[in-house]
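Residue numbers (my numbering), protein chains in the order written: chain X, 2 to 275; chain F, 2 to 275; chain A, 2 to 275.
Note that CB positions come from ideal geometry on N, CA and C, so glycine has one too.
Contents: one structure, followed by commentary.
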Amino acid sequence: MAAIITLTTDFGLEDPYGAAVKGVILSINPDALIVDVSHQVEPFNILQGAFLLGYCYTFFPKDAIHVAVVDPGVGTERRGILLATPQGSFIGPDNGIFSYVLRDAPGFHAPRGGPRPTQVPVPRAWRAYSLTEPRFWRHPVSSTFHGRDIFAPVAAHLSRGVKPEEMGRSVPLVTYLPVAEPRWRGSRMEGRVVHVDCFGNLITNIPGSRVIGKEVQVEVAGKRIQGISSAYLGRGELVATVGSHEHLELARPMGSAAAYLRAKVGDLVKVVRK
Amino acid sequence: MAAIITLTTDFGLEDPYGAAVKGVILSINPDALIVDVSHQVEPFNILQGAFLLGYCYTFFPKDAIHVAVVDPGVGTERRGILLATPQGSFIGPDNGIFSYVLRDAPGFHAPRGGPRPTQVPVPRAWRAYSLTEPRFWRHPVSSTFHGRDIFAPVAAHLSRGVKPEEMGRSVPLVTYLPVAEPRWRGSRMEGRVVHVDCFGNLITNIPGSRVIGKEVQVEVAGKRIQGISSAYLGRGELVATVGSHEHLELARPMGSAAAYLRAKVGDLVKVVRK
Amino acid sequence: MAAIITLTTDFGLEDPYGAAVKGVILSINPDALIVDVSHQVEPFNILQGAFLLGYCYTFFPKDAIHVAVVDPGVGTERRGILLATPQGSFIGPDNGIFSYVLRDAPGFHAPRGGPRPTQVPVPRAWRAYSLTEPRFWRHPVSSTFHGRDIFAPVAAHLSRGVKPEEMGRSVPLVTYLPVAEPRWRGSRMEGRVVHVDCFGNLITNIPGSRVIGKEVQVEVAGKRIQGISSAYLGRGELVATVGSHEHLELARPMGSAAAYLRAKVGDLVKVVRK
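Shown next as C-alpha cells:
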C-alpha cells in the first residue's frame with residue numbers, strides 16, 4: 002500500500018542514519034512513500050522538532066504516518082509511543098515531540114506551570130499506544146537508535162495495515178512539553194519568537210487572528226513597527242505580517258530580520274492595541 | 002498518474018516549507034513523484050535558481066513538471082505563470098526564474114540592455130498562462146507562500162491531467178532576467194563566472210564549443226592557463242576544461258579553484274586564441 | 002519495476018548534480034525508487050563515502066542497487082565497476098568506494114600494507130564487471146561526470162532487468178582502499194576514530210563484540226573512561242558505548258564528544274582490559 006511516511010529528525014544530512022531508517026521501512030513496505038520533513042532539527046532540540054512537524058503535518062493526507070525522532074533519552078526508560086488521531090498517525094519517543102500536534106487537538110488545554118515536560122490526558126478523539134510489542138521491531142534493537150529499530154519498523158507495519166492496538170498497550174496519558182503561550186497584560190499582548198526560519202523571518206506564538214485587521218503596534222528588540230503588512234512588502238524595512246504559519250511574523254523583505262535585530266528564539270514580542 | 006514534479010527553491014532544508022509543498026502535492030496527486038533539484042538556492046537569488054534549474058531540466062523526461070520558487074515578490078502584483086513547452090512544464094513566479102530555460106528555446110534572442118528583468122515574447126513552440134484560476138489553488142492563500150498555496154496545487158492538478166489552459170489566461174510575454182552573455186573583443190572572448198559549485202569549480206558562460214579542440218589561453222583572476230584539459234587532470238593544478246555543464250569550467254583537481262583564486266560569481270574570464 | 006537505487010555522493014545539496022542523476026535514472030526507469038544515502042561526503046573523500054555506504058547498505062533489501070560517486074579520478078584511466086553480490090548491487094568508480102562492503106564479504110582478508118589502494122580478489126560469492134558497454138550509457142559522455150552519464154544509466158538499466166554481465170566484461174580483481182583496522186598490543190587494543198557523526202559521537206573501528214560485557218578502560222585524547230555504558234547515559238559525561246554502528250563509540254550525552262575532546266577521524270583510541 003502506498004502510504005505516506007514522513008520523517009522529522011535531528012540526524013543531519015551527512016550521516017547515513019536517515020537512509021538506514023528508509024532502508025528499514027522499505028524492507029518492510031516497498032510501497033511506502035517516504036517524505037523528509039527535516040533532518041536538520043538542532044541536535045536534541047525536541048521543541049524545535051515539535052514546531053517543525055507542527056507546521057506541516059496538516060498539509061498531508063489524514064492517513065499519513067509521521068515519524069519524529071529527536072530522542073536524547075534513547076536507551077533510557079522513556080517509552081515509545083504511537084498516536085492514532087483524526088489528523089494522522091504519529092510515532093516516536095514519548096518526550097514531547099508531538100506537543101504542537103497535541104496543542105491543535107480540539108479541547109486541549111495547556112497545563113499551567115513551568116517549562117518541564119508534563120503528562121496530559123490523551124485527547125478525546127485520539128488513541129495512544131505505548132510501543133511494547135517487539136514483534137514489530139527490528140532485532141537486535143540498538144540502545145542508541147530506536148528510530149531505526151523501533152519507530153521505523155512500527156511505522157512500516159502500520160502502513161501495511163497492522164492495527165495501532167497491536168503495537169502495544171493503550172495508555173491514557175502522553176507527554177507534553179509546554180510551548181510558549183502568549184498572554185495579555187491589559188491592552189498589551191506579550192509573545193515570544195518561537196522559530197527563526199532560513200530567511201531570517203521571526204515566527205512568533207501570537208496567532209494571526211489577534212492582529213489581522215487591527216490597529217496595532219509591534220515591539221521587538223527595541224524597535225517599533227506600526228501596523229500589520231499584508232505581505233513581505235518594503236525592501237529593507239522591518240515589517241510585521243501574518244505569514245504562512247498563520248502567526249505574527251517579523252520580516253525584513255530581501256533581508257534577514259533575525260540578523261538585523263540580532264533576534265533569536267525566546268525573544269519577547271509585544272503587540273499593543275491602539 | 003505517476004508524473005514527475007521537480008522542486009527548485011530557496012526554502013533551505015531545515016525548515017518544513019519544502020515538506021508543506023510536498024504534502025499539498027501528494028494530497029492532490031498521491032502518485033506524483035517529487036524530485037528535489039535544490040532547496041539551497043541563496044535566499045531571493047532568482048538568477049542562481051534559474052541557473053540550477055537550467056542545468057538539470059533537460060535530464061528529465063519531457064512530460065516532467067518543474068516547480069521553481071525563488072519568490073521575493075510574493076504577495077505583490079507579480080503574477081504566477083505556467084509555461085507549457087516541448088521540454089516540460091514550468092510553474093512559478095513570473096520573475097525570471099525560467100530565464101535559462103527560455104534561453105534554450107529555439108529562436109530565442111536575448112534582448113539588449115542591462116541587468117534588469119524585461120518582458121520577452123513567449124517562444125513559438127511554447128504556451129504561457131498567467132495563473133488566474135483560484136479553483137486550482139489551496140485556500141486560504143497565504144500572501145507569503147504561493148509555493149505552497151498556488152504553485153504546488155497547480156502542479157499537482159496539472160500532473161493529474163488538468164489542461165494548462167484551464168489554469169489561467171494565455172499571455173504573450175514572459176519575464177526574462179538577463180543572464181551574462183560572453184562577447185568577442187577581437188580575438189579575445191570575455192565571459193563571466195556564472196556559478197561556483199560545491200567542489201569550488203568555476204562554471205563560466207563560455208560555451209564549450211568555443212574552446213574545445215582549439216589553441217587557447219584562458220585568463221582568470223590574474224592567472225593564465227594554457228590549453229583546455231580533457232578532464233580534471235593534474236592534482237593541485239589550475240586547469241580549464243569543458244565540464245558537464247558543457248561550458249568552459251575552471252577547476253583545481255582534488256582542490257577548490259574558487260578558494261585558490263578567491264573567485265566568485267561575476268568574475269571576468271578571458272579566452273585568447275593563439 | 003520498482004527497484005530501489007540508493008545514492009552516496011560528494012555532490013552536495015546546493016548543486017543540481019544529484020537531480021541530474023535522478024533525472025537520468027527516471028528517464029530510463031520511471032518506476033525506480035531513489036533513496037539518498039548522503040550527498041554530503043567531503044569532496045573527494047573516498048573512504049568517508051565508503052564508510053557511510055558501509056553503514057547502511059545492510060538495511061536495504063538485497064535486490065537494492067547502490068550507486069556511489071566519490072570520483073576524483075573521473076576522466077582518467079580508472080574504470081567503472083558493477084559488483085553483483087548477495088547483499089545488493091554496487092555501481093561506481095573502482096577506486097575503493099566499496100571497501101567497507103568488501104570487508105563484510107565472507108572470507109575477505111584485508112591485505113597487509115599501507116594506506117594505498119590495492120587490488121584484491123573479488124569475493125567468492127560476488128561477480129565484478131568492468132563497465133565497458135557504452136550502449137547502456139548516456140551520450141555524449143562528459144569526462145567530468147560519469148555519475149550522470151555512466152553510473153546512473155547503468156543502474157537504471159540494471160533496475161529494469163538488464164543482466165550485470167551485459168554491462169561489461171567480468172574482472173577478477175577489485176580496488177580496495179585499506180580501512181584502519183584495530184590491533185592488539187598485549188592486553189591493550191589500539192583502534193582509531195573512523196567517523197565523527199553530526200552529534201559529535203566518535204565512531205571507532207573497534208568491534209562492539211570486543212568490549213561488550215567486559216571490564217575495560219577506554220583511553221582517548223588523554224581522557225580515561227571506565228566501563229562500557231549500555232546507552233548514551235549521563236548528561237555531559239564522556240561515555241563509551243556500543244552504538245548503532247555495532248562498534249565502540251565515544252559520546253557525550255546532550256553534547257558533543259568531538260567538540261569536548263577536540264577529536265577527529267584518525268585519532269587513537271585504546272581499550273585496556275582490567
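(message) If we require 4 or more residues per run, which alpha helix (DSSP H) segments fall completely within the region 13-83 of chain X?
(response) Taking only runs of at least 4 residues, the alpha helix (DSSP H) segments lying wholly in the region 13-83 of chain X are 18-29 and 47-57.
(message) Run through chain X and tell me which residues come within less than 9 Å of M255/A, C-beta to C-beta.
(response) Chain-order list of chain X residues neighbouring M255/A: P44, F45 and P73, by C-beta distance under 9 Å.
(request) For H248/X, write down the residues that DSSP places opposite it in a beta bridge. (result) H248/X pairs with P208/X.
(request) Identify each residue in the region 206-219 of chain X for which the Cβ-Cβ distance to at least one residue of chain F is less than 7 Å, and report them in chain order. (result) Contacts with chain F (Cβ-Cβ distance below 7 Å) from the region 206-219 of chain X involve no residue at all.
(request) For the beta strand (DSSP E) holding V217/A, just list the boundary residues, first then last. (result) If you look at V217/A, you'll find it in the beta strand (DSSP E) that goes V217 to V221.
(request) Count the other C-beta atoms from every protein chain shown that fall within 10 angstroms of the C-beta of P278/X, then say buried if there are 16 or more, exposed otherwise. (result) With chain X represented from 2 up to 275, any question about residue 278/X goes unanswered, as that position is not in the structure.
(request) Report the option in N46/A, G50/A and P31/A whose CA atom is closest to the CA atom of V38/A. (result) V38/A has its Cα closest to that of G50/A, out of N46/A, G50/A and P31/A.
(message) Quick check: what's the CA-CA separation for L27/A versus F61/F?
(response) Each residue's alpha carbon lies about 7 Å from the other.
(message) Excluding the 5 residues flanking A106/X on each side, which residues of the same chain have their C-beta closer than 6 Å to its C-beta?
(response) Excluding sequence neighbours, A106/X sits near P124.
(request) State the DSSP-derived secondary structure class of R253/A, mapped to helix, strand or coil. (result) If DSSP states are grouped into helix, strand and coil, R253/A belongs with coil.
(request) Specify whether the region 246-265 of chain X and the region 151-169 of chain X touch according to this definition: at least 3 beta carbon pairs, one from each stretch, less than 8 Å apart. (result) Taking 8 Å as the limit for Cβ pairs, the verdict is that the region 151-169 of chain X does not touch the region 246-265 of chain X.
(message) My parser needs the alpha helix (DSSP H) runs of 4 or more residues fully inside the region 113-199 of chain X; what are they?
(response) Within the region 113-199 of chain X, the complete alpha helix (DSSP H) segments at least 4 residues long are 153-160, listed from N- to C-terminus.
(message) DSSP three-state label for S231/F, please.
(response) Assignment of S231/F by DSSP, reduced to helix, strand and coil, places it in the coil class.
(message) Between V36/X and chain A, is the shortest Cβ-Cβ distance under 9 Å, so that the two count as touching?
(response) Not one beta carbon of chain A lies nearer than 9 Å to the beta carbon of V36/X.
(message) Let me confirm a value: R149/X is counted as buried when at least 16 other C-beta atoms fall within 10 Å, else exposed. Which label applies?
(response) Per the 10 Å Cβ criterion, buried.
(request) Give me the Cα-Cα distance between D16/X and S231/F, rounded to the nearest whole angstrom. (result) Note on geometry: alpha-carbon atoms of D16/X and S231/F lie some 34 Å from one another.
(message) Between F137/F and chain X, is any beta-carbon pair separated by less than 9 Å?
(response) By this cut-off, F137/F is not an interface position.
(message) Can you tell me which residues form a DSSP beta bridge with I92/F?
(response) I92/F pairs with V68/F and L83/F.
(message) Along the region 226-259 of chain F, where does the CB come closer than 7 Å to a CB of chain X? Name the residues.
(response) Answer set for the region 226-259 of chain F: empty.
(request) Determine the DSSP secondary structure at L262/A, reduced to helix, strand or coil. (result) L262/A: helix per DSSP, three-state reduction.
(request) Check distances from the C-beta atoms of the region 13-27 of chain F to those of chain X and list, in chain order, the residues that come in under 9 Å. (result) Against chain X - using a Cβ distance shorter than 9 Å - the residues of the region 13-27 of chain F are G13, L14, E15, D16, P17, Y18, G19, A20, A21, V22, K23, G24, V25 and L27.
(request) Could you confirm whether any beta carbon from chain A is found closer than 9 Å to the beta carbon of T145/X? (result) Cβ-Cβ to chain A under 9 Å: yes for T145/X.
(request) With R236/F as the anchor, note down where its alpha helix (DSSP H) starts and where it stops. (result) Membership of R236/F in any alpha helix (DSSP H) is not indicated, and neither H nor E is assigned to it by DSSP.
(request) Have a look at T205/F, K224/F and A222/F and flag the residue whose alpha-carbon is nearest the alpha-carbon of E247/F. (result) Answer by Cα proximity: T205/F.
(message) Could you compute how far the alpha carbon of L47/F sits from the alpha carbon of G108/F?
(response) Before going further, note that residue 47/F is Ile rather than Leu in the sequence given. Across the structure, I47/F and G108/F are spaced so that their CA atoms are roughly 23 Å apart.
(request) Could you tell me whether any Cβ in chain A is nearer than 9 Å to the Cβ of G76/X? (result) Flagged as an interface residue toward chain A: G76/X, by a C-beta distance shorter than 9 Å.
(request) Could you name the residues of chain F that R161/A contacts, counting a contact when the two beta carbons are closer than 9 Å? (result) None at all; the shortest Cβ gap to chain F is about 15 Å.
(message) Can you confirm whether H140/X, when its beta carbon is compared against all beta carbons of chain F, has any partner nearer than 9 Å?
(response) With its beta carbon at least 9 Å from every one in chain F, H140/X lies outside the interface.
(message) The beta strand (DSSP E) that contains K271/F, what's its start and end?
(response) L269 to R274 is the extent of the beta strand (DSSP E) around K271/F.
(message) With distance defined between alpha-carbon atoms, name the residue in Q88/X, G89/X and L84/X nearest to G97/X.
(response) Selection Q88/X, G89/X and L84/X evaluated against G97/X yields L84/X as nearest (Cα-Cα).
(request) Kindly indicate the opening and closing residues of the alpha helix (DSSP H) around D11/A. (result) Run containing D11/A: none; DSSP gives neither H nor E here.
(message) At the level of alpha carbons, what is the spacing between T59/A and V25/X?
(response) Looking at the backbone, the Cα of T59/A and that of V25/X are separated by about 9 Å.
(request) Tell me, please, whether the CB atom of L83/A is closer than 9 Å to any CB atom in chain X? (result) Judged by the 9 Å Cβ criterion, L83/A is not in contact with chain X.
(request) Determine whether the Cβ of D64/X lies closer than 9 Å to any Cβ atom of chain A. (result) Cβ-Cβ to chain A under 9 Å: no for D64/X.
(request) Taking V121/F as the reference, give the member of P112/F, I151/F and W138/F with the closest Cα. (result) For the set P112/F, I151/F and W138/F, the Cα lying nearest the Cα of V121/F is the one of P112/F.
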